[in-house]
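Mapping the sequence shown onto the numbering used here, position 111 (from 1) lands on 111, and the numbers just tick up by one.
Encoded as structure tokens, the structure appears first; notes follow it.
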Amino acid sequence: MEARNFITAREMVQNNEYLLTTLNGEPRYQKPPLPTWLTALAGSIFGFDSLFALRVPVVLITFLLVFTFFFFSKELGLSTKHSFYNSVILITSFYIFFAGRDNQWDMYTHSFMFVSIYFLWKVLKENKNLLLNSMLSGIFLGFSILSKGPVSFYALFLPFLFSYIINYRTTLKGKGIYLLQMVLLGLVIGLSWFIYVRLNDSEYFRIIATREISNWNNYEVKPFYYYWNFFIQSGLWTVPSLISLVYPYLRKRVCDLRAYRFAILWTIISVILLSAIPEKKVRYLVPALIPLALTTGFYIDYLLKSFGHGTTKSENILVYISYGIIALVGITYPFVLFFLLKEGLKDHLFIYVLSSFLILVCSFLIVKGLTRHDFGKVFRASIAIFIIIVIGALPMSGEFFTNPNYASAGKAREIEKQLKINTYRLTDIAPEIVWDFGKPIPIYPPQNNTSIPDDKRFGLIVNI
Numbered sequence: 001m002e003a004r005n006f007i008t009a010r011e012m013v014q015n016n017e018y019l020l021t022t023l024n025g026e027p028r029y030q031k032p033p034l035p036t037w038l039t040a041l042a043g044s045i046f047g048f049d050s051l052f053a054l055r056v057p058v059v060l061i062t063f064l065l066v067f068t069f070f071f072f073s074k075e076l077g078l079s080t081k082h083s084f085y086n087s088v089i090l091i092t093s094f095y096i097f098f099a100g101r102d103n104q105w106d107m108y109t110h111s112f113m114f115v116s117i118y119f120l121w122k123v124l125k126e127n128k129n130l131l132l133n134s135m136l137s138g139i140f141l142g143f144s145i146l147s148k149g150p151v152s153f154y155a156l157f158l159p160f161l162f163s164y165i166i167n168y169r170t171t172l173k174g175k176g177i178y179l180l181q182m183v184l185l186g187l188v189i190g191l192s193w194f195i196y197v198r199l200n201d202s203e204y205f206r207i208i209a210t211r212e213i214s215n216w217n218n219y220e221v222k223p224f225y226y227y228w229n230f231f232i233q234s235g236l237w238t239v240p241s242l243i244s245l246v247y248p249y250l251r252k253r254v255c256d257l258r259a260y261r262f263a264i265l266w267t268i269i270s271v272i273l274l275s276a277i278p279e280k281k282v283r284y285l286v287p288a289l290i291p292l293a294l295t296t297g298f299y300i301d302y303l304l305k306s307f308g309h310g311t312t313k314s315e316n317i318l319v320y321i322s323y324g325i326i327a328l329v330g331i332t333y334p335f336v337l338f339f340l341l342k343e344g345l346k347d348h349l350f351i352y353v354l355s356s357f358l359i360l361v362c363s364f365l366i367v368k369g370l371t372r373h374d375f376g377k378v379f380r381a382s383i384a385i386f387i388i389i390v391i392g393a394l395p396m397s398g399e400f401f402t403n404p405n406y407a408s409a410g411k412a413r414e415i416e417k418q419l420k421i422n423t424y425r426l427t428d429i430a431p432e433i434v435w436d437f438g439k440p441i442p443i444y445p446p447q448n449n450t451s452i453p454d455d456k457r458f459g460l461i462v463n464i
């Protein structure tokens with residue numbers, strides 16, 4: 001997905017066409033263009049040769065989600081410290097972090113939708129700045145639709161709305177006009193691009209729309225229960241998030257029962273709605289992980305306040321096991337990395353030694369915190385291990401995927417320039433190859449034409 005976004009952004013700038021989007025020179029209307037516009041802006045400023053620069057927009061959008069999540073937690077009536085913990089849990093959740101690292105559409109659409117939800121909450125719960133908040137909610141609703149269609153409306157907004165209606169019974173007297181304004185503004189912004197493409201390239205739009213609708217029932221079809229273990233996508237928080245979903249256990253231990261009930265309903269309804277769609281992928285779980293971070297935060301808050309002096313023996317054992325596993329991962333980290341890298345270790349010796357030392361220290365702090373019933377120390381050390389692995393291990397991960405016989409498509413582009421020829425392809429090829437090549441690679445023969453190119457010499461990229 002990231003390569004497709006990058007290619008479309010590059011072709012926007014190359015062709016100076018920002019509305020009728022293309023991928024490898026062919027119409028690309030499967031996804032709305034807002035994330036690609038932002039990527040194209042970054043590419044125009046910093047160039048398209050830097051992956052770091054092209055990922056800046058999605059990083060900023062992820063920070064937007066995290067900061068809004070913090071303020072939303074405070075709107076729920078939670079303390080500043082509790083809200084901060086919720087935000088930390090969110091950004092360190094496995095799939096949230098990596099969706100915010102790779103330039104995918106999912107993080108854009110769900111981040112914008114969450115901002116829309118935040119301002120909608122203020123409309124529902126407050127009686128001031130109603131016009132401003134409803135307009136901001138509508139604008140970000142439109143941005144979400146312009147990022148990936150109605151996906152986030154279905155998977156994040158509707159579950160929020162259902163859980164709000166079930167849990168809170170706030171009167172909407174005098175606010176209906178503001179809600180209508182929000183919806184209309186969101187639809188005007190969100191549908192504007194679809195209408196433009198429908199009017200200006202109706203044939204391709206119809207073909208692609210038909211194909212996309214068909215995919216919902218025929219592509220990546222999985223059983224209803226496929227997402228039953230959705231909580232493991234939170235990574236570091238797998239065990240705490242699972243425990244936080246046990247409502248009968250936690251309901252008498254949380255600081256705010258109504259807010260907890262709202263969060264757990266939001267999470268469960270989101271998973272149910274996602275499960276109802278035949279097409280399923282792991283990354284589609286991102287909207288469910290957002291309220292899950294809220295839910296998990298209640299359990300973490302309980303442990304921070306009660307671990308060791310207000311918890312039972314069985315509760316303590318669960319904490320020992322879940323965080324003991326994290327400490328064990330930290331202890332084995334240098335040995336596993338040494339075994340995997342072997343000869344490649346010499347190229348990363350400094351970062352290996354430093355990260356191993358820091359992780360061993362953090363593992364020691366986890367064990368120390370567990371034995372002394374200091375969950376704050378356990379919590380902070382666990383997050384530190386996550387950060388160190390991300391900063392330390394990711395730069396070394398390239399060693400696991402290095403192919404000494406790999407030839408970059410960029411080299412084929414250099415040959416094309418040297419020989420002054422054109423390059424074609426016989427079939428669809430991986431978008432990563434097109435991105436590496438640096439420009440669109442036209443298919444040949446076009447339109448079922450069996451003739452060969454007019455060029456006396458030409459390049460041909462084929463799948464073997």
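Beta carbons are placed, not taken as given, at the ideal position from N, Cα and C, and that holds for glycine.
Those residues which DSSP pairs with residue i across a bridge
i    : result
P443 : A small correction: the amino acid at residue 443 is Ile; Pro does not occupy that position in the sequence shown. I443 pairs with R425.
I389 : DSSP lists no partner for I389.
V221 : E279
T22  : P27
G235 : S93
Option nearest residue i by Cα separation, candidates the options
i    : options                   : result
L51  : S314, K456, W435 and L191 : W435
H110 : T68, L132, S79 and M135   : T68
G392 : F205, K342, L136 and L354 : L354
S408 : E432, Q418 and R101       : E432
A293 : W266, G310 and A276       : W266
L146 : Y196, Q418, I269 and K122 : Y196
H309 : P287, D374, K148 and F114 : D374
K81  : I91, F70 and L90          : F70
Q181 : S137, N217 and Y118       : S137
S116 : N24, S144 and F307        : S144
F162 : F6, F112, I269 and S214   : I269
E26  : L184, K456, I443 and D256 : I443
R206 : G369, R28, E416 and I388  : R28
L87  : L340, I300, S306 and F364 : Before going further, note that residue 87 is Ser rather than Leu in the sequence given. Of the candidates L340, I300, S306 and F364, the one whose C-alpha sits nearest the C-alpha of S87 is I300.
R198 : Q30, Y95, G376 and L365   : Q30
G235 : M113, V286, T332 and I277 : V286
I264 : I277, N127, S363 and F231 : F231
F140 : I415, G330, E203 and F157 : F157
I490 : P57, R457 and I387        : Absent from the structure is residue 490, since the part of the chain shown begins at 1 and ends at 464.
L60  : I317, A99 and L124        : A99
Extent of the continuous alpha helix (DSSP H) to which residue i belongs
i    : result
G467 : Not covered by the structure: residue 467. The range shown for the chain is 1 to 464.
K476 : Within the shown structure, residues of the chain are numbered from 1 to 464, placing residue 476 beyond reach of any answer.
K125 : W105 to K125
T296 : V286 to S306
M12  : E2 to N15
C362 : L349 to T371
W435 : P431 to F437
V188 : G176 to N200
K173 : Run containing K173: none; DSSP gives neither H nor E here.
Y249 : Y247 to L250
A155 : Segment: none, A155 is in no alpha helix (DSSP H) and carries neither H nor E.
K148 : L130 to K148
G410 : A409 to L419
Proximity test, Cβ basis, 8 Å: residue i and chain C
i    : result
Y118 : This model lacks chain C altogether; it includes just one protein chain.
Is there contact here, the region 368 to 384 with the region 319 to 328, by at least three beta-carbon pairs under 8 Å? Result yes; three or more Cβ-Cβ pairs closer than 8 Å.
Meets three-Cβ-pair contact criterion under 8 Å: the region 35 to 44 and the region 5 to 20: Taking a cut-off of 8 Å for Cβ pairs, the region 35 to 44 and the region 5 to 20 touch, as three or more such pairs fall below it.
Are the region 182 to 198 and the region 145 to 157 in contact at 8 Å, needing three or more beta carbon pairs? Enough Cβ pairs lie closer than 8 Å, so yes.
Residue ranges of each alpha helix (DSSP H) within the region 44 to 99, 4 or longer: 51 to 54, 56 to 75, 80 to 91 and 94 to 99
If contact is defined by three or more beta carbon pairs under 8 Å, each pair taking one atom from either stretch, is the region 352 to 371 in contact with the region 281 to 294? no
Check whether the region 292 to 309 touches the region 237 to 252, taking contact to mean three or more Cβ pairs, one atom from each stretch, closer than 8 Å. Under the three-pair Cβ rule at 8 Å, the region 292 to 309 counts as touching the region 237 to 252.
Can you find at least 3 beta carbon pairs, one from the region 410 to 418 and one from the region 437 to 446, that sit closer than 8 Å? yes
Taking one C-beta from the region 241 to 256 and one from the region 210 to 225 each time, how about it: are there three or more such pairs within less than 8 Å? no
Tell me, please, whether the region 93 to 108 touches the region 20 to 36 by the rule of three or more beta-carbon pairs shorter than 8 Å. yes
For the 8 Å Cβ check, are there 3 or more pairs between the region 89 to 97 and the region 55 to 69? yes
Using 8 Å as the Cβ pair cut-off and three pairs as the minimum, do the region 172 to 180 and the region 118 to 136 touch? yes
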